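J.:
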Amino acid sequence: MTVMVEARQVGKSVKTHDAQLHILSDISLVIDKAESVAIVGASGSGKSTLLGLMAGLDQASEGEIWLAGELLNDMDEDARAKLRGQSVGFVFQSFQLLPSLTALENVMLPIELKQDPQARHKATQLLQRVGLADRLTHYPNQLSGGEQQRVAIARAFASEASILFADEPTGNLDTETGATVIELLFELNAEFSTTLILVTHDDRLAARCARTVRLSSGRIVGDSAKASPAENTGSVTEPGQESAQA
Amino acid sequence: MSATNHQQGLSNKRKGEQQRNTGLGLAGLIRLATRFLWRDLRGGELKLLTLSLIMAVCSVTAIALFTDRLERALLNESANMLAADRVLSGRQQPPREWLQEAQQRGLQTGEFISFASMVFSDQGNILVSAKAVSPSYPLRGDLLVADEPFGASYISDAGPAPGTVWVESRVLPALAIEVGDPLYVGNATLTVAQVLVQEPDRQQGGMMENAGPRLLMNLEDVPATQIIQPGSRVSYRYLFAGEQQALNTFADWLDAQPENEYRLRDVREESEEVSEALDRAESFLMLGSLFAVTLAGLAIALTARRYSHRHFDHVAILKTLGLTASQINTMYGLLLGILWVVAVLTGSIAGWLIHEAILALLGSLMQVALPAASITPFFIGALTALLCLTAFALPPLWGLRSVSPLRVLRKDVAVDGSSQWLPYTAGVGGILALILWYSGDLYLTALIAIAVSLVFLVLALASYLLLKSGTASGMRAGSAWLLAKSALSRRSQQSVLQIMVFAVTFMSLLTLSLLRSDLISDWQAQLPEDTPNHFMMNITAAQLPGIESFYEQRNLEGNPFYPMMRAALLTVNGEPARRPWDDDEQPRNLTERAAEDSGAGTAAPASADESGQAATVNESGEVGDTESVRPVTRQVTWTSSLPPDNEVVAGQWWDEEARPGEVSVEQDYAERLGLSLGDELVFEIEGQRVTVNVSSFRTVRWDNMQPNFFFIFSPGSLEQFGATYLSTLLLEGEQKLMLNDMLRAFPTIVVLEVDAIIAQIQRIIFQVSSAIELIAALVLVSGALVLLACVNATLGERYRENAILRTLGASRQLILRAMLFEYAFIGAVSGMMATLGAEAALYFLQTQVFEQAFRLHIWVWLAGPVLGTAIIAGIGFAATRRVVNTSPLLVLRQLAD
Numbered sequence: 001m002t003v004m005v006e007a008r009q010v011g012k013s014v015k016t017h018d019a020q021l022h023i024l025s026d027i028s029l030v031i032d033k034a035e036s037v038a039i040v041g042a043s044g045s046g047k048s049t050l051l052g053l054m055a056g057l058d059q060a061s062e063g064e065i066w067l068a069g070e071l072l073n074d075m076d077e078d079a080r081a082k083l084r085g086q087s088v089g090f091v092f093q094s095f096q097l098l099p100s101l102t103a104l105e106n107v108m109l110p111i112e113l114k115q116d117p118q119a120r121h122k123a124t125q126l127l128q129r130v131g132l133a134d135r136l137t138h139y140p141n142q143l144s145g146g147e148q149q150r151v152a153i154a155r156a157f158a159s160e161a162s163i164l165f166a167d168e169p170t171g172n173l174d175t176e177t178g179a180t181v182i183e184l185l186f187e188l189n190a191e192f193s194t195t196l197i198l199v200t201h202d203d204r205l206a207a208r209c210a211r212t213v214r215l216s217s218g219r220i221v222g223d224s225a226k227a228s229p230a231e232n233t234g235s236v237t238e239p240g241q242e243s244a245q246a
Numbered sequence: 001m002s003a004t005n006h007q008q009g010l011s012n013k014r015k016g017e018q019q020r021n022t023g024l025g026l027a028g029l030i031r032l033a034t035r036f037l038w039r040d041l042r043g044g045e046l047k048l049l050t051l052s053l054i055m056a057v058c059s060v061t062a063i064a065l066f067t068d069r070l071e072r073a074l075l076n077e078s079a080n081m082l083a084a085d086r087v088l089s090g091r092q093q094p095p096r097e098w099l100q101e102a103q104q105r106g107l108q109t110g111e112f113i114s115f116a117s118m119v120f121s122d123q124g125n126i127l128v129s130a131k132a133v134s135p136s137y138p139l140r141g142d143l144l145v146a147d148e149p150f151g152a153s154y155i156s157d158a159g160p161a162p163g164t165v166w167v168e169s170r171v172l173p174a175l176a177i178e179v180g181d182p183l184y185v186g187n188a189t190l191t192v193a194q195v196l197v198q199e200p201d202r203q204q205g206g207m208m209e210n211a212g213p214r215l216l217m218n219l220e221d222v223p224a225t226q227i228i229q230p231g232s233r234v235s236y237r238y239l240f241a242g243e244q245q246a247l248n249t250f251a252d253w254l255d256a257q258p259e260n261e262y263r264l265r266d267v268r269e270e271s272e273e274v275s276e277a278l279d280r281a282e283s284f285l286m287l288g289s290l291f292a293v294t295l296a297g298l299a300i301a302l303t304a305r306r307y308s309h310r311h312f313d314h315v316a317i318l319k320t321l322g323l324t325a326s327q328i329n330t331m332y333g334l335l336l337g338i339l340w341v342v343a344v345l346t347g348s349i350a351g352w353l354i355h356e357a358i359l360a361l362l363g364s365l366m367q368v369a370l371p372a373a374s375i376t377p378f379f380i381g382a383l384t385a386l387l388c389l390t391a392f393a394l395p396p397l398w399g400l401r402s403v404s405p406l407r408v409l410r411k412d413v414a415v416d417g418s419s420q421w422l423p424y425t426a427g428v429g430g431i432l433a434l435i436l437w438y439s440g441d442l443y444l445t446a447l448i449a450i451a452v453s454l455v456f457l458v459l460a461l462a463s464y465l466l467l468k469s470g471t472a473s474g475m476r477a478g479s480a481w482l483l484a485k486s487a488l489s490r491r492s493q494q495s496v497l498q499i500m501v502f503a504v505t506f507m508s509l510l511t512l513s514l515l516r517s518d519l520i521s522d523w524q525a526q527l528p529e530d531t532p533n534h535f536m537m538n539i540t541a542a543q544l545p546g547i548e549s550f551y552e553q554r555n556l557e558g559n560p561f562y563p564m565m566r567a568a569l570l571t572v573n574g575e576p577a578r579r580p581w582d583d584d585e586q587p588r589n590l591t592e593r594a595a596e597d598s599g600a601g602t603a604a605p606a607s608a609d610e611s612g613q614a615a616t617v618n619e620s621g622e623v624g625d626t627e628s629v630r631p632v633t634r635q636v637t638w639t640s641s642l643p644p645d646n647e648v649v650a651g652q653w654w655d656e657e658a659r660p661g662e663v664s665v666e667q668d669y670a671e672r673l674g675l676s677l678g679d680e681l682v683f684e685i686e687g688q689r690v691t692v693n694v695s696s697f698r699t700v701r702w703d704n705m706q707p708n709f710f711f712i713f714s715p716g717s718l719e720q721f722g723a724t725y726l727s728t729l730l731l732e733g734e735q736k737l738m739l740n741d742m743l744r745a746f747p748t749i750v751v752l753e754v755d756a757i758i759a760q761i762q763r764i765i766f767q768v769s770s771a772i773e774l775i776a777a778l779v780l781v782s783g784a785l786v787l788l789a790c791v792n793a794t795l796g797e798r799y800r801e802n803a804i805l806r807t808l809g810a811s812r813q814l815i816l817r818a819m820l821f822e823y824a825f826i827g828a829v830s831g832m833m834a835t836l837g838a839e840a841a842l843y844f845l846q847t848q849v850f851e852q853a854f855r856l857h858i859w860v861w862l863a864g865p866v867l868g869t870a871i872i873a874g875i876g877f878a879a880t881r882r883v884v885n886t887s888p889l890l891v892l893r894q895l896a897d
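Chains as they are written, first to last, in full-length UniProt numbering: chain A, 1 to 246; chain B, 1 to 897.
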C-alpha cells in the first residue's frame, strides 16, 4: 500500500505565561491510500491540532510528518501551501467559503489554482453532483448551512486531491442535514478513491470510517487498525526516542 | 516499509507535477483580485477606502488644476503689468551691453527712463511723471491712445515718434492746449501727438512714476531736454521678454556678472501688495490640499486596517487551498492597483469638475483668459493616490502575507506581530513625504515632524492617563455611565487611537477654518470697500481751507490732513541713534515712498521742480551725503487723535490736553532702535533741535495703503516748523475728472493715483477668498470620511460585546446610553485636544508662514469640546444604533462563523 500520511513521534507544545503546554505527545500514525480514518476524542484532546499538523497547516514541535510523500518538516509555508494545493482538500466545521465569491467561484478556485482551463466546467459538474445546480451564482451568505457545506465538499473534491481532511464537518449542522452531508462526503470519497481523515466527536460518523484513532490528552489511546504496531510506527523508530520526548 | 512507500508516493506526485502546472498565474490573480474588489465594493467593505482615495485625488487635482491655471493666467497678466516678462531697474543706468547680450540670447529687449518733471505750455504748467521709451516699448501688453482728450481709445502699434509726446487726457485742459500743440519739457519743445489712455505697466515702479499724469516721449528726445543731470532722481528700466528658458539662463548670466547690483525681477517682486496676497493664498491652498490628503490618508489607513483584519480568514482559506505568501501579496497588490486606477480616473474627473466650479464661481471676476490646464495637476493627483496607497493602505494589507492558514481551524491564531507597527511608521512617513513634496521645504517639514510627534506623544499620554484614571475591573454593567467608562478603559489602546484620530481631524478642520476666516477678515480689513485711492501731498497750510470747501462743493468726503516734515533722529538718551535698517532692508512704507518720490516735505522741492529739474533726493530719502554719520531721517507728523489701524501696545496715547514734547513710535521700529518708554530723543528739523520723550509704542498696518508714520509727535511739538500736508481721498469712476479741477485750483498739490492698484488687490483678494472657501469645504468632506472610518473601525467589537450584554439581559436603552456616553466622552476629550492643538498650529502658521498677527480664539475654547462631543456622539450613535437593533443571536452566530 502507498502511505499517504505518516506521523512519527510527533509532539506539539506551546508556550504559555509560565510553562510549556503539551498539546500532543508521541503521536505515531500511518495512513494508507484510500483509507478512511476517524480521529475521535473529547474536546481539548488535540484532534484538530493533529489534523492541522498532518495537513501542513501548522508545524510540529517534535517528530516528523510526511504528507503525500513529502517530509513537511523541511518545508517552509509556501512549499507547504503548494503541496496542499496539489494533494489536499479540506472540509471545515465552519465551511470556510470565501464570502466574496459565488458558490461556483468558490469551487472553481482550487481548479484555477492548478491553471486548469476546464475550471468552470468541472466546478459546475461538481456542484450539480452535490445537488446545487440551481445555486451556482449564490454567495455563501445566500445559502443555508447545509448548502454551504455541500459547496465546501464540492470544493474539496474539485482539486482532485488525494487526501481529504475534514474537521467536524457536521458540527454546525442539524442532525438531518448532517446526515445528508455525510452521505455525500462518503459517496464522493468512494468515487474519487480519496484518503479521508476526519476529526469528529460524533461516534456515528466515526463508525462510517474504516478505522478509528482515539485521542486523549494529546496521546493516541486507541487505534482500531493497529493490528501490527511495528509496521505502523515504522522501522526508523529507535528505542529510547520515546522516553526522550516524554 | 513505509520509507519505500513514501518514495513511491513522491515519484507519483512528481509525475503528476509534470502533467500540470502548479499555482495561479497573473491572469488568475487579477481575476481573483477583481472579484474580491467588486464584491467588497458592493458589500461596502471597500466603499470608505475608495471614497477616501477618490477624495484625495479629487481635492489635490482640483487644487492643483486651479492654482496651475490661475498661476499661469496671472503670469500672463503680470507680464502685461510689467510690459515685459522680466525687468531690471535702477537709479543708475545699467550697462548697455546687457541689452545686447539678451538680444544674442534670443530675447526681445526694450528700455525706458522715468522721472518727474514740470512741463509747460504757453498758458500753464503741471507736474507730470514722464517716461521716455525705446521704440520696442511695450514688449507685453498694449498702448491705448485716443485722438482727443477723453475720446474713444484704440491700440497703437508703436510708441511716440521722436519729437512728439503723448499725454494723459488730464494734462491738456490743465495746460490749456490741444493735440498738435507744442509743449516744453526741459529745454526741448515737443509736439503733443496723441492722448495716452492706458499703458500696460502704469502701476509699476516707484510712487514717483505715479505722481501726476503720464507723459510718454521717445527716448531719443531725452538728451535735448537736458533734464537729466548728475544726481537727478531718475529711474532706468530695461525690459526683457521671451522664452522662459532663455530668460532663466539670462538671469543666471546676469547674477554671475561681477559687481552686479541689479537683478531681474518679475511681477511678484515688483508688486508687493499683490504678491503677498497671492503668496498667502498659495500657502493656504497648499496647506488645504495637504490637510485634505492627510485626512484622506488617515481614513484610508483606518479602513485598510479594518479591511485587512476582515481578510485574515480569507487569506487563511486561500493559503489552505494552496496560495503562497507572494501570490497573496501580488493579489492584494493588484487589488490596490485596480483601486488606484479607479480612484485616479474618478478623482481626476471629479477634480476637474470641482475646479471648473471654482472657475465658474469666479468667472465674472477673472478678467484674464485662463490658459488651458496642463497635464501636471493630473500627475500630481495620481502620484498622491499612489503615495496614499503605498503609505496608508499597503502596509496593513502587507501584513496579510503572514496570516497562518491554521486560522481555518482556530480563529485565535495571532497574526505575526512584526507587521503591527509597519502601518503606523509608513503612515507617518507618508504624511511627512507629502508635506515635503507639497511645501518643498525641508526645514518646515522637519519642524512639523517634531511638532506633530510632540503633540501626538502628549495627546496619547494625556488620553491614556485620562482613561486609566479610576480603572475598575469587570464590565460595570449596572449603570450606563459606568458601563461606558469601563468600555473606554478596557479598550484603552483603541480609545486612545480614536481620540487621537478625532483630535487630529478636528484640529485640521479647526486650524483651516480659523486660518481661513482670519485671512479673509484680515484682507477685508486691509482694504475695505471705501479705501481712499488717491494720495494728495505737498499741500500747504494756506491751501487747507480751500481744499475743504472744494470737497464741500462737490460732495466729496475728505480724510484727515496730516502735517508732514522731515526729521533726522540724532540721539537717544544722549547717545547717537543707531540705524535700524540697512538701506536695502528699508521698510516699504507707502507714505514715505510717496513723500520722498514726490519730493514733498523735502527742503527744496519747489525750486527744483520749477527749474524743470528732477528733484535731487537720493534713494532712501536721506538728506545728508556723509556716509559714516548719516542720521536716520523720517517723515514725521503730529496729531491729536490716533490714526485708524494704529494700536497703542505700550504706554499711553495723549488725551485732549496733550503736552508738547511727546512722541509715539512704531513698535517694530522702536525695537530696532532699542527704545524704551520715557527715552529722550533729539531730532533735527529744519536745522533746529527738538527734544521729545517716548510716551507710547504703536502697531501699524503697513499694507492698508493709507498714511502711516514711524514717529507721531504730540500736538504743539512741531507747530513752529513749516509743514506740508498729506491726505487721502476716495474718487470712483467719473469723480476722477474732479482731479483736474483740483489741480487747476491748487497747482502745487501732488496727487498719487493708487486706485488701479487697490482695485487690483481687492479683485485678487476676492478671487482667492472664494477659492479658499471651496478648498476648506473639500477638507471638511475628507474630515467627515475620517470620522466615519474611525467609528466603523470599532464596530465589530461593539457588536460582539453588546450582543453578549443583551443576551445576558441588558436593555437596549442601557446599551444605547452607554455608547452615547462613551462617544460623547471621546468627542469631548478630542475636541479639547483639537482646540489646544489648533491654537498651537495657528500660532506657528500665522507667525511663521502667513506673517499674520496671532490672537487667541476664545470662543473656540468652548465651541471645540462642545462641537467635538456633539459630532462624535452623533456619528457614533447613528452608526452603533445598528448594533443594538441587530438581533444578538444573529450577531453571535455571525461572529462564531
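Backbone N, C-alpha and C fix where the C-beta goes; we use that ideal spot for every residue, glycine too.
Note that the structure is predicted; figures quoted are calculated from it, not measured.
Using a 10 Å radius around the Cβ and a threshold of 16 neighbouring Cβ atoms, would you call B/Tyr526 buried or exposed?
T.: Your numbering for residue 526 of chain B matches position 526 in the second sequence. Checking the sequence, you will find Gln at residue 526 of chain B rather than Tyr. With 16 or more other Cβ atoms within 10 Å, it is buried.
J.: Classify B/Glu839 as buried or exposed, calling it buried when 16 or more other Cβ atoms lie within 10 Å of its own Cβ.
T.: Residue mapping note: residue 839 of chain B aligns to position 839 of the second sequence, counting from 1. So B/Glu839 ends up on the buried side.
J.: Is B/Gly524 near B/Thr794, with beta carbons less than 8 Å apart?
T.: The residue you call residue 524 of chain B lines up with position 524 of the second sequence. The residue you call residue 794 of chain B lines up with position 794 of the second sequence. Looking at the sequence provided, one finds Gln at residue 524 of chain B rather than Gly. No.
J.: Going along chain A, which residues have a C-beta under 7 Å from B/Phe36?
T.: What you label residue 36 of chain B is simply residue 36 of the second sequence in a count that begins at 1. Here the neighbours are Ser100.
J.: Mind checking who A/Lys12 pairs with in its DSSP beta bridge?
T.: What you label residue 12 of chain A is simply residue 12 of the first sequence in a count that begins at 1. Paired residue(s): A/Leu24.
J.: Exposed or buried, B/Val344, counting other C-beta atoms within 10 Å across all chains shown (16 or more means buried)?
T.: Numbered from its first residue, the second sequence carries residue 344 of chain B at position 344. So B/Val344 ends up on the buried side.
J.: According to DSSP, is B/Gln108 part of a helix, a strand, or is it coil?
T.: The residue given as residue 108 of chain B occupies position 108 in the second sequence. In the structure shown, B/Gln108 sits in a strand (DSSP, three-state: E or B).
J.: If we count the other Cβ atoms within 10 Å of its Cβ and call it buried at 16 or more, is B/Phe150 buried or exposed?
T.: For the purposes of this step, residue 150 of chain B is taken as residue 150 along the second sequence, with counting starting at 1. Counting Cβ neighbours within 10 Å, B/Phe150 comes out exposed, since fewer than 16 surround it.
J.: Is the Cβ-Cβ distance between B/Leu264 and B/Ala251 less than 8 Å?
T.: As a working note, residue 264 of chain B is residue 264 in the second sequence. As a working note, residue 251 of chain B is residue 251 in the second sequence. Yes; because the gap between Cβ atoms is below 8 Å, this pair is in contact.
J.: Please state the DSSP three-state secondary structure of B/Ser489.
T.: Start at 1 with the first residue of the second sequence, and residue 489 of chain B comes out as number 489. B/Ser489: helix per DSSP, three-state reduction.
J.: May I ask you to list, following chain order, the residues of the segment 64-77 of chain A that have a beta carbon less than 7 Å from some beta carbon of chain B?
T.: Listed by position along the chain: Trp66, Ala68, Gly69, Glu70, Glu77.
J.: Just to make sure I have the definition right: I need the residues of chain A whose C-beta is within less than 7 Å of the C-beta of B/Leu406. Which are they?
T.: On the second sequence, residue 406 of chain B is found 406 positions in, with the first residue counted as 1. Here the neighbours are Gly52, Leu57, Asp58.
J.: Along the segment 125-138 of chain A, where does the CB come closer than 9 Å to a CB of chain B? Name the residues.
T.: Residues of the segment 125-138 of chain A that bring their beta carbon within less than 9 Å of a beta carbon in chain B are absent altogether.
J.: Can you pull the chain B residues whose beta carbon is under 9 Å from the beta carbon of A/Phe186, in chain order?
T.: To locate residue 186 of chain A, count along the first sequence from 1; it is residue 186. Taking a Cβ-Cβ cut-off of 9 Å, A/Phe186 has no neighbours in chain B, whose nearest Cβ is about 22 Å from it.
J.: For B/Met536, which of helix, strand or coil comes out of DSSP?
T.: For the purposes of this step, residue 536 of chain B is taken as the residue at position 536 of the second sequence. B/Met536: strand per DSSP, three-state reduction.
J.: Using a Cβ-Cβ cut-off of 8 Å (strictly less than) and excluding sequence neighbours within five positions of B/Asp522, which residues of its own chain qualify?
T.: One-based indexing of the second sequence puts residue 522 of chain B at position 522. Closer than 8 Å at the Cβ level, and outside the excluded window around B/Asp522, lie Gln852.
J.: Do three or more CB pairs link the segment 79-86 of chain A to the segment 316-335 of chain B at distances below 8 Å?
T.: yes
J.: Which of the three DSSP states is assigned to B/Asn559 in this structure?
T.: Taking the first residue of the second sequence as 1, we reach residue 559 of chain B at position 559. Note: B/Asn559 maps to coil in three-state DSSP.
J.: Should B/Ile317 be flagged as near chain A, meaning a C-beta pair shorter than 8 Å?
T.: The residue you call residue 317 of chain B lines up with position 317 of the second sequence. Cβ-Cβ to chain A under 8 Å: yes for B/Ile317.
J.: Please classify B/Gly453: is it buried, with 16 or more other beta-carbons within 10 angstroms of its beta-carbon, or exposed?
T.: Taking the first residue of the second sequence as position 1, residue 453 of chain B is located at position 453. For the sequence presented, residue 453 of chain B should be read as Ser rather than Gly. It counts as exposed.
J.: For the segment 150-182 of chain A, list the beta strand (DSSP E) runs that are entirely contained and at least 3 residues long, ordered along the chain.
T.: 163-167
J.: State yes or no: is the beta carbon of A/Asp26 nearer than 8 Å to at least one beta carbon in chain B?
T.: Working through the first sequence from its first residue, we reach residue 26 of chain A at position 26. For A/Asp26, the answer is no, since every Cβ of chain B falls outside 8 Å of its Cβ.
J.: Does any CB atom of chain B fall closer than 8 Å to the CB of A/Leu109?
T.: In the first sequence, residue 109 of chain A corresponds to position 109, counting from 1. Yes, its Cβ sits closer than 8 Å to a Cβ of chain B.
J.: Any Cβ of chain B within less than 8 Å of the Cβ of A/Glu112?
T.: For this step, residue 112 of chain A is matched to residue 112 along the first sequence. So, interface residue.
J.: At 9 Å on the CB atoms, spell out the chain A contacts of B/His314, in chain order.
T.: In the second sequence, residue 314 of chain B corresponds to position 314, counting from 1. Leu98, Pro99, Ser100, listed in chain order.
J.: So which residues on chain B does A/Ser48 lean against when the C-beta distance must stay under 8 Å?
T.: Against the first sequence, residue 48 of chain A aligns to sequence position 48. Residues of chain B passing the Cβ test: Leu409, Arg410.
J.: According to DSSP, is B/Trp638 part of a helix, a strand, or is it coil?
T.: As a working mapping, residue 638 of chain B is identified with position 638 in the second sequence. B/Trp638: strand per DSSP, three-state reduction.
J.: Below 8 Å on the Cβ atoms is my guess for A/Val5 versus A/Leu67; work out the distance and round it to an integer in Å.
T.: Stepping through the first sequence from its first residue, residue 5 of chain A is reached at position 5. Stepping through the first sequence from its first residue, residue 67 of chain A is reached at position 67. Right, the Cβ-Cβ distance comes to about 6 Å (below 8 Å), so this counts as a contact.
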